[in-house]
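K.L.:
The sequence shown begins at 518 in my numbering and counts up one residue at a time. For each residue, glycine too, the CB sits at the ideal point set by N, CA and C. Please read these numbers as outputs of a predicted model, since none were measured by experiment. For reference, the structure I am asking about is given below.
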Amino acid sequence: MPESAFTFLSQGATIQEFRISNHNIVLGFPEAKFYKTHNVPYFGETIGRTTNRVKDAQLHDLNGKTYQLHANDGPNCLHGGKEGWGKKDFEGPRPVMRGGKEGVQFTYLSRDGEEGYPGTVECRVWYTAGKEGEVTVLDAEYQVEFVGDECEETVVGVTNHSYFNLNPTSPTIADHLINLSTTNHLALDSNSIPTGDIIPHPSAPSPNTPFTLGANHPSFDDCFVLDPHPTTIPLDTRTVPLRHLVTLSHPATKLHLEILSTEPAFQFYTGEHIDVPELVGSDGVKIPGMGPRKGIAVEPSRYVDAQRREWMGMCRLKKGEVWGARSRYRAWEE
Numbered sequence: 518m519p520e521s522a523f524t525f526l527s528q529g530a531t532i533q534e535f536r537i538s539n540h541n542i543v544l545g546f547p548e549a550k551f552y553k554t555h556n557v558p559y560f561g562e563t564i565g566r567t568t569n570r571v572k573d574a575q576l577h578d579l580n581g582k583t584y585q586l587h588a589n590d591g592p593n594c595l596h597g598g599k600e601g602w603g604k605k606d607f608e609g610p611r612p613v614m615r616g617g618k619e620g621v622q623f624t625y626l627s628r629d630g631e632e633g634y635p636g637t638v639e640c641r642v643w644y645t646a647g648k649e650g651e652v653t654v655l656d657a658e659y660q661v662e663f664v665g666d667e668c669e670e671t672v673v674g675v676t677n678h679s680y681f682n683l684n685p686t687s688p689t690i691a692d693h694l695i696n697l698s699t700t701n702h703l704a705l706d707s708n709s710i711p712t713g714d715i716i717p718h719p720s721a722p723s724p725n726t727p728f729t730l731g732a733n734h735p736s737f738d739d740c741f742v743l744d745p746h747p748t749t750i751p752l753d754t755r756t757v758p759l760r761h762l763v764t765l766s767h768p769a770t771k772l773h774l775e776i777l778s779t780e781p782a783f784q785f786y787t788g789e790h791i792d793v794p795e796l797v798g799s800d801g802v803k804i805p806g807m808g809p810r811k812g813i814a815v816e817p818s819r820y821v822d823a824q825r826r827e828w829m830g831m832c833r834l835k836k837g838e839v840w841g842a843r844s845r846y847r848a849w850e851e
């Protein structure tokens with residue numbers, strides 16, 4: 518595994534560095550301690566036990582009960598709750614072989630009742646890296662198993678929340694060229710919860726048509742849908758071939774990033790709410806702050822609020838079952 522290209526942290530199985538041609542293309546902090554104190558934007562974290570928003574911070578029709586989660590986004594639960602898995606310390610990194618490649622494994626045991634979720638589950642995260650010619654490739658694989666005996670079922674959704682900037686010295690994502698594989702997205706209500714409709718996004722051109730981001734617009738914080746048939750989406754999508762989600766590039770650095778996944782959807786977010794103050798490192802050196810639109814988050818996932826009854830199959834984990842997903846990041850310089 519090309520360790521010089523990647524740095525991972527035990528907290529949240531976080532991707533701290535993803536280096537291409539001496540550029541670190543992910544947002545983050547130079548010291549691990551700041552991920553505990555200032556990582557409000559979720560830089561590089563593994564998100565769980567659920568991703569994105571849960572309406573009214575409640576889980577219905579599980580084990581014949583309703584479960585109250587922590588509301589940390591207005592009335593909703595966002596990215597697992599008050600801390601989520603991104604602020605938890607995973608076991609690892611442990612060197613492993615995965616798919617014939619050298620990699621690292623992280624493990625986290627989420628107990629029954631944590632953040633209000635029922636059942637004890639074990640999450641495993643594997644990162645493997647390699648080269649395809651001049652392309653640096655990072656594979657991320659997620660697996661969650663129900664290991665407790667407190668109840669019969671729970672819900673799960675896991676993703677990585679890295680933000681990318683292919684021109685890292687720029688204060689914004691201006692001039693990034695974006696290519697989305699689809700323009701279909703989940704229409705939202707006033708609380709950012711899906712209405713149930715899947716419609717073309719008004720700010721995105723036709724699929725696979727490149728467009729440029731400016732310093733202030735267009736803005737996105739939307740879940741784009743690759744698979745419009747929610748009842749056929751498997752609990753473990755690792756059996757599904759990788760599909761292209763997004764390609765990013767920047768004319769100044771000549772860097773490119775392609776993101777693929779087995780997941781049926783992905784959140785595309787242009788970072789309007791990033792607000793990280795200037796910090797001072799342990800060596801006394803100032804660390805620049807980060808503001809709105811400093812990075813682009815691409816979060817492969819299930820549908821937002823997939824816990825609703827008609828979408829429950831893609832996230833309901835029962836005893837004896839396995840939840841899984843894979844994503845791939847391909848980066849290169851022209």
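#1: Just list the beta strand (DSSP E) runs in the region 576 to 644, keeping only unbroken ones of 3 residues or longer that don't cross its boundaries, in chain order.
#2: Please classify Val661 as buried or exposed, where buried requires at least 16 neighbouring CB atoms within 10 angstroms.
#3: Contact defined as beta carbons within less than 8 Å: I believe Leu759 pairs with Ser778. What is the distance between those atoms, to the nearest angstrom?
#4: Between the alpha carbons of Lys572 and Ser709, how many angstroms are there, rounded?
#5: Considering only residues of the same chain and omitting the five flanking positions on each side of Glu651, which have a CB-CB separation below 8 Å?
#6: May I have the straight-line CA-CA distance separating Val793 from Ile537, to the nearest angstrom?
#7: My output table needs one value for Pro751: the three-state DSSP class, helix, strand or coil.
#8: Taking the continuous alpha helix (DSSP H) assigned at Lys553, which residues delimit it?
#9: If you draw a straight line from the alpha carbon of Glu619 to that of Thr645, how long is it in whole angstroms?
#10: Determine the closest residue to Arg845 out of Val654, Ser707, Ala732 and Asp744, with distance taken between C-alpha atoms.
#11: From the DSSP output, read off the bridge partner residues of Trp849.
#12: Would Leu697 and Ala732 be called neighbours here (beta carbons separated by less than 8 Å)?
#13: Report all residues from its chain with a CB closer than 6 Å to the CB of Ala704; omit the five preceding and five following residues, and keep chain order.
#14: Ignore the nearest five residues each way along the sequence and tell me which others in Ala588's own chain have a CB closer than 7 Å to its CB.
#15: Going by beta carbon distance, what residues of the same chain come within less than 8 Å of Asp629, once the five residues before and after it are set aside?
P.N.:
According to the data block:
#1: 582 to 585, 608 to 615 and 618 to 627
#2: Position 144 of the sequence shown, counted from the first residue, corresponds to residue 661. Flag for Val661 reads buried.
#3: Counting from 1 along the sequence shown, the entry for residue 759 is found at position 242. Counting from 1 along the sequence shown, the entry for residue 778 is found at position 261. 6 Å between Cβ atoms; contact.
#4: Your numbering for residue 572 matches position 55 in the sequence shown. Your numbering for residue 709 matches position 192 in the sequence shown. Those two C-alpha atoms are separated by around 9 Å.
#5: Within the sequence shown, the letter at position 134 stands for residue 651. Cβ within range, chain order: Trp849 and Glu850.
#6: Walking along the sequence shown from the start, residue 793 turns up at place 276. Walking along the sequence shown from the start, residue 537 turns up at place 20. For Val793 and Ile537, the distance between alpha carbons rounds to 24 Å.
#7: Indexing the sequence shown from 1 puts residue 751 at position 234. In this structure, Pro751 counts as coil in the three-state DSSP scheme.
#8: As a position in the sequence shown, residue 553 is number 36, starting the count at 1. Run containing Lys553: Lys550 to Thr554, per the alpha helix (DSSP H) assignment.
#9: The count along the sequence shown starts at 1 and reaches residue 619 at position 102. The count along the sequence shown starts at 1 and reaches residue 645 at position 128. Looking at the two C-alpha atoms, the distance is approximately 6 Å.
#10: Counting from 1 along the sequence shown, the entry for residue 845 is found at position 328. Of Val654, Ser707, Ala732 and Asp744, the residue nearest in Cα terms is Val654.
#11: As a position in the sequence shown, residue 849 is number 332, starting the count at 1. Residue pairing for Trp849: DSSP places it in a beta bridge opposite His773.
#12: Residue mapping note: residue 697 aligns to position 180 of the sequence shown, counting from 1. Residue mapping note: residue 732 aligns to position 215 of the sequence shown, counting from 1. No, the pair does not count as a contact, with Cβ atoms beyond the cut-off.
#13: If you number the sequence shown from 1, residue 704 lands on position 187. Hits under 6 Å: Thr712, Asp714 and Ile716.
#14: Counted from its first residue, the sequence shown places residue 588 at position 71. Ala574 and Cys594, listed in sequence order.
#15: As a first step, residue 629 is located in the sequence shown; it is residue number 112 there, counting from the start. Within the same chain, Asp629 has close Cβ partners Pro635, Gly636, Thr637, Gly665, Glu667 and Cys668.
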